[in-house]
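Q: Residue 26 in the UniProt record's numbering is what sits at position 26 of the sequence shown, and the numbering runs on without skipping anything.
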Amino acid sequence: MAKRGTQLVQLGALLRELARTEGIAVVVANQVADRFSKPPSALSSNAASRTTSTNSQGNVRTHSSNSQGTAHEHTPQPSNPASQFDEGIILSPDPLALDHQQRWFTGWGDLQHEPANAQKTPSLGLVWTNQLACRIALLKLPVFANRPLIHNVNGEDQWNEEETHISRWRRWFKVVFAPWAPPSEGRGTEFEIKKSGLSHVSKEQTKP
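Have a look at this one:
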């Protein structure tokens, strides 16, 4: 890994020097891989266990008496971090961890309600990311449609084994970070691929 990181640093320096001397923009295509991370329930339980273990050493017990002289014991209960989650903010029990930080520089994971199976991670990693002036992510999600219960194969009617199928793909162009533009909101700008090239998809076209 150390050798690979050194080679990436050398390659980045070479490309930056080429861009500076020749006055050109260098665009590098970076493959992505599936991201495997803990589900939110596991993170919440982990955070709760950490808070409980921390507060267990600092609990203060107080005694109070009512008018009849009966003593009552009161032990402060640890708060549940999961209950403090705001729907508009992505929280983490370990905010400095790479798994949490990479949401904002990879292009995947910064949307709270994004499906977990759609998360990707750029293959060249953090060493390469630190050398970039700009990152643009191309996102793609399937659009499913219902299949007919019976379809015809070679003149014979057969039952469909699957209820749905992928009818088409939706694609987005997203600025993750750049010195000349703010990050794209949401998934970015939707586009489609035609025979004539790329075409922007307006919001009116996406309405049902």
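Backbone N, C-alpha and C fix where the C-beta goes; we use that ideal spot for every residue, glycine too.
Tell me Arg171's beta-bridge partners as DSSP assigns them.
A: Paired residue(s): Lys140 and Phe191.
Q: Quick check on DSSP: helix, strand or coil for Leu198?
A: Strand.
Q: With a threshold of 7 angstroms on Cβ separation, who are the neighbours of Ser184 within its own chain once the five nearest residues in sequence on each side are excluded?
A: Closer than 7 angstroms at the Cβ level, and outside the excluded window around Ser184, lie Lys174 and Val175.
Q: What is the DSSP secondary structure of Asn117, reduced to helix, strand or coil?
A: Reduced to three states, the DSSP call for Asn117 is helix.
Q: Check Asp94 in the structure and name its three-state DSSP category.
A: It is coil, neither helix nor strand.
Q: Can you tell me which of the three DSSP states Thr106 falls into?
A: The answer is coil: DSSP assigns Thr106 none of H, G, I, E or B.
Q: Rounded to a whole number of angstroms, what is the C-alpha to C-alpha distance between Gln119 and Thr189?
A: Near 18 angstroms, if we compare the C-alpha coordinates of Thr189 and Gln119.
Q: Whose C-beta lies closer than 7 angstroms to the C-beta of residue 243 among residues of the same chain, with five residues either side of it excluded?
A: This structure cannot speak to residue 243, because the chain is shown only from 1 to 208.
Q: Between Trp172 and Leu139, how many whole angstroms is the CB-CB distance? I'm expecting something under 8 angstroms.
A: Yes, they are in contact, since the Cβ atoms of Trp172 and Leu139 sit about 4 angstroms apart, within 8 angstroms.
Q: Quick one: residues in its chain with C-beta nearer than 6 angstroms to the C-beta of residue 218, no 5 flanking neighbours on either side, listed in chain order?
A: Given a span of 1 to 208 for the chain in the structure shown, any question on residue 218 remains unanswerable.
Q: Under the three-state reduction of DSSP, which class applies to Val9: helix, strand or coil?
A: Helix, per DSSP.
Q: Note down, in chain order, each residue of its chain lying with its Cβ closer than 7 angstroms to the Cβ of Gln77, except the 5 sequence neighbours on either side.
A: At Gln77 the pLDDT is 48, less than 50, meaning the model places this residue with poor confidence; the figure from the coordinates comes in the next sentence. Excluding sequence neighbours, Gln77 sits near nothing in its chain.
Q: Using a 10 Å radius around the Cβ and a threshold of 16 neighbouring Cβ atoms, would you call Pro182 buried or exposed?
A: It is exposed - the Cβ of Pro182 has fewer than 16 other Cβ atoms within 10 Å.
Q: Give me the Cβ distance between Pro122 and Asn30, rounded to the nearest whole Å; I'm assuming they're in contact under 8 angstroms.
A: About 5 angstroms separates the two Cβ atoms, so the contact holds.
Q: Using the DSSP secondary-structure output, state which residues sit across from Arg135 in a beta bridge.
A: Arg135 is bridged to Phe177.
Q: How long is the line joining the alpha carbons of Asp157 and Lys194, rounded to whole angstroms?
A: Answer to the nearest angstrom: the Cα atoms are 34 angstroms apart.
Q: Mind checking which residues open and close the beta strand (DSSP E) that includes Val127?
A: No beta strand (DSSP E) holds Val127; the alpha helix (DSSP H) holding it covers Gly125 to Thr129.
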